[in-house]
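See structure below.
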Amino acid sequence: MTKLFITGATGYIGGDALATIYAAHPDFSYVALVRSTEKAEQVKTRFPNVRVVIGDLDNSALLERESAAADIVLHTADASDHVGAAKAIAAGLVAGHTKEKPGYWLHTGGTGILTFEDSDKGSYGNKSDKIYDDWDGVEELLNLPDHAFHRNVDKLVLDAAAKHADVLKLALVCPPTIYGRGRGPCSQRGRQVYELANVTLRLQKGPIIGSGQAIWNNVHIHDLSDVYALLVNAAVAGRDDDGIWGPKTYYLTENGEHRWGDLAKSTAEAAAKLGFIPEAKAEPIDLDSAKQYAGFESLSWGMNSRGRALRARKLLGWNPSSPSLLDELPQIVKSEWKRQQEQESDR
Numbered sequence: 001m002t003k004l005f006i007t008g009a010t011g012y013i014g015g016d017a018l019a020t021i022y023a024a025h026p027d028f029s030y031v032a033l034v035r036s037t038e039k040a041e042q043v044k045t046r047f048p049n050v051r052v053v054i055g056d057l058d059n060s061a062l063l064e065r066e067s068a069a070a071d072i073v074l075h076t077a078d079a080s081d082h083v084g085a086a087k088a089i090a091a092g093l094v095a096g097h098t099k100e101k102p103g104y105w106l107h108t109g110g111t112g113i114l115t116f117e118d119s120d121k122g123s124y125g126n127k128s129d130k131i132y133d134d135w136d137g138v139e140e141l142l143n144l145p146d147h148a149f150h151r152n153v154d155k156l157v158l159d160a161a162a163k164h165a166d167v168l169k170l171a172l173v174c175p176p177t178i179y180g181r182g183r184g185p186c187s188q189r190g191r192q193v194y195e196l197a198n199v200t201l202r203l204q205k206g207p208i209i210g211s212g213q214a215i216w217n218n219v220h221i222h223d224l225s226d227v228y229a230l231l232v233n234a235a236v237a238g239r240d241d242d243g244i245w246g247p248k249t250y251y252l253t254e255n256g257e258h259r260w261g262d263l264a265k266s267t268a269e270a271a272a273k274l275g276f277i278p279e280a281k282a283e284p285i286d287l288d289s290a291k292q293y294a295g296f297e298s299l300s301w302g303m304n305s306r307g308r309a310l311r312a313r314k315l316l317g318w319n320p321s322s323p324s325l326l327d328e329l330p331q332i333v334k335s336e337w338k339r340q341q342e343q344e345s346d347r
């Protein structure tokens, strides 16, 4: 029986990925790391066959033990930035597996790693023509500057995959802006676009950073979960095709891109059409003010993160088919309006 250990089952990415994999493989033995007994009950209610272990990402011994016992580790909980968790998972997979029975690591990064040039320049709202890819251009991804966002953890997991290639099979999944309603037991809400909708409703206008020309990739949460599911299938089948696993396996899981200024305008249009704001208006907002409303997420509205997801399409047959970001936008605005109403009623 295949054993799968997941972190982040109560989160947006992990919850939806678990829902997809659980539906396809109800016979697996599942273990989920959860931080509280309250959320553990929510996971158990949604996924009765999952064994829950209570702990957090600082519980290195627990992470090592469960990673050693698992055939597949799906790491989604703060995976791109928590150094200790990545070290513990790597150590567990190496300790618990052999060349004859390798361990598979589905690690979640993020395409924030591609924003370093904007950060370095302090440039927000300007277009970049630089487009990365995870196939012909993978060497560029492997040699990004050490100070790039998420780079420290990416290097750690890639180095582990190179050093222990026979026993640790890695796939580094890098989602961009994620949208769509999640199917997990707890968090079903994305971040960047949802905060954009939230701020649009609060300001009664779409917020534009700089000239609004910065571009970012996007993917529907269901299509992203399909990538994890396809990787799980490849692991179960023992596929070791060149390029599926290893220290060069970035998976940029995009299915299109958006210009942030245009998206701010479209969000305002959707909100006005739904009657939530008086008119479809989008105007510039300075970065400090944006951060007061949406924190760190607002920085991304002025940054570029552009890539092409070739690896998953070529090797896994990934064929994203969910509604586009623009098609989904009215539902996102509705969900944020409802969320604001609920928050108001709770005060």
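Residues in the sequence shown are numbered consecutively from 1, following UniProt numbering. From the three backbone atoms N, C-alpha and C, an ideal C-beta is built for every residue, glycine too.
(message) Please classify ILE21 as buried or exposed, where buried requires at least 16 neighbouring CB atoms within 10 angstroms.
(response) Position 21 of the sequence shown, counted from the first residue, corresponds to residue 21. Flag for ILE21 reads buried.
(request) Could you check what DSSP says for GLY112 in three-state terms: helix, strand or coil? (result) Here residue 112 corresponds to residue number 112 of the sequence shown, with the count starting at 1. Helix.
(request) Please name the residue, chosen from LEU33, VAL173, GLY307 and PRO323, that lies closest to residue 349 on a Cα-to-Cα basis. (result) The question about residue 349 has no answer, for the chain in this structure spans 1 to 347.
(request) Identify which residue in HIS220, SER29 and ALA234 has its Cα closest to the Cα of ILE178. (result) In the sequence shown, counting from the first residue as 1, residue 178 sits at position 178. When only C-alpha atoms are compared, the closest one is HIS220.
(request) Can you tell me which of the three DSSP states THR249 falls into? (result) The count along the sequence shown starts at 1 and reaches residue 249 at position 249. Coil at THR249, not helix or strand.
(request) Tell me whether GLU342 is buried or exposed, calling it buried when 16 or more other Cβ atoms sit within 10 Å of its Cβ. (result) Position 342 of the sequence shown, counting from 1, holds the residue named residue 342. GLU342 should be labelled exposed.
(request) Inspect the beta-carbon positions of ALA19 and GLY184 and report whether they are closer than 8 Å. (result) Reading the sequence shown from its first residue, position 19 is the one you call residue 19. Reading the sequence shown from its first residue, position 184 is the one you call residue 184. A contact, by the Cβ cut-off of 8 Å.
(request) Please report the residue range of the alpha helix (DSSP H) in which ALA148 lies. (result) What you label residue 148 is simply residue 148 of the sequence shown in a count that begins at 1. Run containing ALA148: none; DSSP gives neither H nor E here.
(request) Report the three-state DSSP secondary structure of LEU142 (helix, strand or coil). (result) Sequence index remark: in the sequence shown, residue 142 carries index 142 (1-based). The answer is helix: DSSP assigns LEU142 an H, G or I state.
(request) For ASP154, count neighbouring Cβ atoms within 10 angstroms of its own Cβ and tell me buried if that reaches 16, exposed if not. (result) Here the question's residue 154 lines up with position 154 in the sequence shown. Buried: at least 16 other Cβ atoms inside 10 Å.
(request) Using alpha carbons as the reference points, say which of MET303, GLY275 and ALA272 lies closest to LEU287. (result) Against the sequence shown, residue 287 aligns to sequence position 287. That would be MET303, whose Cα lies nearest to the Cα of LEU287.
(request) May I have the straight-line CA-CA distance separating ILE332 from PHE276, to the nearest angstrom? (result) Numbered from 1 along the sequence shown, position 332 holds the residue referred to as residue 332. Numbered from 1 along the sequence shown, position 276 holds the residue referred to as residue 276. Roughly 13 Å between the two C-alpha positions.
(request) Measure the C-alpha to C-alpha separation of ASN319 and VAL138 and round it to an integer number of angstroms. (result) Residue 319 sits at position 319 when you count from the first residue of the sequence shown. Residue 138 sits at position 138 when you count from the first residue of the sequence shown. ASN319 and VAL138: Cα-Cα distance of roughly 21 Å.
(message) Quick check on the burial criterion: 16 or more other C-beta atoms within 10 angstroms. Buried or exposed for ASP97?
(response) For the purposes of this step, residue 97 is taken as the residue at position 97 of the sequence shown. Correcting the residue identity first, residue 97 is His in this sequence and not Asp. That one is buried.
(request) Return the bridge partner residues of ARG259 from the DSSP annotation. (result) Sequence index remark: in the sequence shown, residue 259 carries index 259 (1-based). Bridge partners of ARG259: ILE215.
(message) Please identify the residue among PRO48, ALA23 and LEU63 whose C-alpha is closest to the C-alpha of GLY8.
(response) The residue labelled residue 8 in the question sits at position 8 within the sequence shown. Ranking PRO48, ALA23 and LEU63 by Cα distance to GLY8 puts LEU63 first.
(request) Keeping to the same chain, check which residues put their C-beta closer than 8 Å to that of LYS44; ignore five residues upstream and five downstream. (result) Looking up residue 44 in the sequence shown gives position 44. Taking C-beta separations shorter than 8 Å and ignoring five residues to either side along the sequence, the partners of LYS44 in its chain run VAL50 and VAL52, following chain order.
(request) Report yes if the CB atom of THR267 is closer than 8 Å to the CB atom of LEU203, and no otherwise. (result) Residue 267 sits at position 267 when you count from the first residue of the sequence shown. Residue 203 sits at position 203 when you count from the first residue of the sequence shown. No, they are not a contact pair.
(request) Identify the continuous alpha helix (DSSP H) that holds ALA68 and give its terminal residues. (result) Within the sequence shown, residue 68 is the residue found at index 68, counting from 1. Unbroken alpha helix (DSSP H) run through ALA68: 60 to 69.
(request) For ILE285, count neighbouring Cβ atoms within 10 angstroms of its own Cβ and tell me buried if that reaches 16, exposed if not. (result) Translated into the one-based positions of the sequence shown, residue 285 becomes position 285. Buried, since its Cβ has 16 or more Cβ neighbours within 10 Å.
(request) Would you mind reading off the limits of the alpha helix (DSSP H) that contains HIS25? (result) Numbered from 1 along the sequence shown, position 25 holds the residue referred to as residue 25. First-last for HIS25: undefined, no H or E at that position.
(message) Closest to THR253 by C-alpha separation, out of CYS174, SER119 and THR2, would be which residue?
(response) Stepping through the sequence shown from its first residue, residue 253 is reached at position 253. Comparing Cα positions, the closest option is CYS174.
(request) Have a look at ALA17 and TRP105 and give me their C-alpha separation to the nearest angstrom. (result) Position 17 of the sequence shown, counting from 1, holds the residue named residue 17. Position 105 of the sequence shown, counting from 1, holds the residue named residue 105. Their backbone Cα atoms lie some 14 Å apart in a straight line.
(message) Please state whether the Cβ-Cβ distance between PRO247 and LYS169 is less than 8 Å.
(response) Taking the first residue of the sequence shown as 1, we reach residue 247 at position 247. Taking the first residue of the sequence shown as 1, we reach residue 169 at position 169. Not a contact, by the Cβ cut-off of 8 Å.
(message) Do VAL193 and ALA294 have their beta-carbon atoms positioned less than 8 Å apart in this structure?
(response) As a working note, residue 294 is residue 294 in the sequence shown. As a working note, residue 193 is residue 193 in the sequence shown. No. Outside cutoff.
(message) By DSSP's criteria, GLU283 is part of a beta bridge. Which residues make up the other side?
(response) Looking up residue 283 in the sequence shown gives position 283. In the DSSP output, where bridge partners are listed per residue, GLU283 has PRO207.
(request) Measure from the alpha carbon of VAL227 to the alpha carbon of each residue in SER321, HIS258, ALA70 and SER187, then state which is nearest. (result) Taking the sequence shown and counting its residues from 1, one reaches residue 227 at position 227. Of SER321, HIS258, ALA70 and SER187, the smallest CA-CA separation from VAL227 is found for SER321.
(request) Take the Cβ of VAL73 as the centre, count every other Cβ of all protein chains shown within 10 Å, and call the residue buried at 16 or more, exposed below. (result) Numbered from its first residue, the sequence shown carries residue 73 at position 73. Its Cβ being crowded by 16 or more others within 10 Å, VAL73 is buried.
(message) Does the structure place the stretch 85 to 99 close enough to the stretch 206 to 222 that three or more beta carbon pairs sit under 8 Å?
(response) Contact between the stretch 206 to 222 and the stretch 85 to 99 is not established, with fewer than three Cβ pairs separated by less than 8 Å.
(message) Mapping the DSSP letters down to three states, classify LYS44 as helix, strand or coil.
(response) Working through the sequence shown from its first residue, we reach residue 44 at position 44. It is helical.
(request) Run the CB neighbour count on GLY210, radius 10 Å, all protein chains shown included, and call it buried at 16 or more, exposed below. (result) Taking the first residue of the sequence shown as 1, we reach residue 210 at position 210. Classification for GLY210: buried.
(request) Put LEU106 into one of helix, strand or coil per three-state DSSP. (result) What you label residue 106 is simply residue 106 of the sequence shown in a count that begins at 1. In the structure shown, LEU106 sits in a strand (DSSP, three-state: E or B).
(message) Can you list, in chain order, the residues of its chain with a C-beta nearer than 8 Å to that of GLN42? Leave out the 5 residues immediately preceding and following it.
(response) For this step, residue 42 is matched to residue 42 along the sequence shown. Within the same chain, THR10, PRO185 and CYS186 come within 8 Å of GLN42 by CB-CB distance, once the 5 residues on both sides are set aside.
(message) Could you check whether PHE5 and GLU66 sit closer than 8 Å to each other, using their CB atoms as the reference points?
(response) Position 66 of the sequence shown holds residue 66. Position 5 of the sequence shown holds residue 5. In this structure, PHE5 lies closer than 8 Å to GLU66 by Cβ.
(message) Please report the distance separating the alpha-carbon of GLU278 from that of LYS265.
(response) As a position in the sequence shown, residue 278 is number 278, starting the count at 1. As a position in the sequence shown, residue 265 is number 265, starting the count at 1. Going by the sequence as given, residue 278 is Pro instead of Glu. Those two C-alpha atoms are separated by around 14 Å.
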